[in-house]
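In the working numbering, the protein residues as written are 54 to 110. Let me begin by presenting the structure, written as C-alpha cells, before commenting on it.
So, in C-alpha cells, the structure goes:
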C-alpha cells in the first residue's frame with residue numbers, strides 16, 4: 054500500500070511555544086487512528102506542550 058520511497062510524516066517541537074506539530078501526507082491519514090493520537094498526546098504531555106496535527110494535501 055505505501056511504497057518505501059513515499060513521503061513520510063514530520064514531527065516538529067517548538068519549545069518556546071510549547072507546541073508539538075505532526076505533519077502527515079494525505080495518503081497516511083487512514084493510519085492516524087485513536088492509538089496514534091493517544092501516543093502523540095502522551096508525548097505532548099511529557100513535553101508539557103499542545104499538539105497540532107496537519108494533514109498535507
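Every residue, glycine too, gets a C-beta built ideally from N, C-alpha and C.
| Query | Result |
| --- | --- |
| Cβ neighbours of residue 105 in the same chain (closer than 6 Å, five flanking residues each side left out) | 74 |
| Distance CB(residue 61)-CB(residue 79) smaller than 8 Å | no |
| Coil, strand or helix - residue 64 by DSSP | strand |
| Simplified DSSP state of residue 134, which is helix, strand or coil | A question about residue 134 goes unanswered here, because the residues of the chain that appear run from 54 up to 110. |
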